[in-house]
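K.L.:
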Amino acid sequence: MTDQGTSAMRWYAVQTRSRHEKMVVRQLEGQGFATFLPVTTQLRQWSDRRKLVELPLFSGYVFLRMVYQPEPRLRVLTAEGIVGFVGVHGQGMPIPDRQIEHIQTLLAAKVPVESYPFLKIGQRVRIRSGSLNGTEGILVGQENDRMLVISVELIQRSVSMRLQGYEVEPI
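Sequential numbering from 1 applies to the sequence shown in our numbering.
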């Protein structure tokens, strides 16, 4: 990477070719980049068996932490399976650290999550209790059940979790 240290490092999203997320992560990590590929475990049924499989939470996207300069940017763009940086006119736009941290918190807590359509409208809330204390998102209702939706605005993707047993407060 560079000598600028971690203060100039930011999270970026790169779009991948279909079903290339894990391969892209291996390549980027092999080049020394810090990556984040949020995955969820799902039970899949085949004609002869059932199996738990890990699938990307945001199919077609991988997150990486880097200093956005010409040399590392070119190394990322030339990795196999990468379509490009997510941003305006192919220029990567940084993702706020808190958005990535909130998704990492949910996954580390092992609460069930699922991909959710991106939302722009809704009330922002913060969880006030339990292992997810301080996690922020958008409160929505679904089938008489409260849900917390955390969005990565740049890629217009979201993840949701049931709020059963958690107290929330408006931000």
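Each residue gets a CB set at the ideal place from its N, CA and C atoms; glycine is no exception.
So, under 8 Å CB-CB, Val140 and Val149 are touching, yes? Tell me the CB distance rounded to an integer number of Å.
P.N.:
So it is a contact: roughly 6 Å between Cβ atoms.
K.L.:
Per DSSP, which one or two residues make a beta bridge with Leu148?
P.N.:
Leu139 and Met161
K.L.:
Quick check: the Cα distance between Glu169 and Gln91, rounded to an integer number of angstroms?
P.N.:
Straight-line Cα distance between these residues: approximately 36 Å.
K.L.:
I'd like the span of the beta strand (DSSP E) that includes Glu21, first residue to last.
P.N.:
Here Glu21 belongs to no beta strand (DSSP E); instead the alpha helix (DSSP H) covers Glu21 to Gly30.
K.L.:
Would Pro38 pass as a contact of Ile127 if the rule is Cβ separation under 8 Å?
P.N.:
no
K.L.:
So the candidates are Arg44, Ser47, Leu132 and Tyr61; which of them puts its Cα closest to the Cα of Thr35?
P.N.:
The candidate whose alpha carbon is nearest that of Thr35 is Tyr61.
K.L.:
If you measure between the beta carbons of Phe58 and Ile138, is that distance less than 8 Å?
P.N.:
no
K.L.:
Between the C-alpha atoms of Met1 and Asp145, what's the straight-line distance to the nearest angstrom?
P.N.:
Summary for Met1: the model assigns pLDDT 42, below 50, so the residue's position carries little reliability; its value from the coordinates is reported in the next sentence. Cα-Cα distance, rounded: 45 Å.
K.L.:
In the DSSP assignment, find the beta strand (DSSP E) that holds Gln156 and state where it starts and stops.
P.N.:
Gln156 -> no beta strand (DSSP E), and no H or E assigned at all.
K.L.:
Identify which residue in Met147, Tyr166, Pro112 and Val113 has its Cα closest to the Cα of Gly134.
P.N.:
Tyr166
K.L.:
Let me know the secondary structure DSSP gives Val76 once reduced to three states.
P.N.:
Residue state, collapsed to three classes: helix.
K.L.:
Between which two residues does the beta strand (DSSP E) harbouring Glu54 extend?
P.N.:
Arg50 to Pro56
K.L.:
From Ala8 to Arg50, what distance separates their C-alpha atoms?
P.N.:
45 Å
K.L.:
To which residues of the same chain is Pro94 closer than 8 Å at the C-beta, ignoring the five residues directly before and after it?
P.N.:
Arg10, Trp11, Tyr12 and Tyr68
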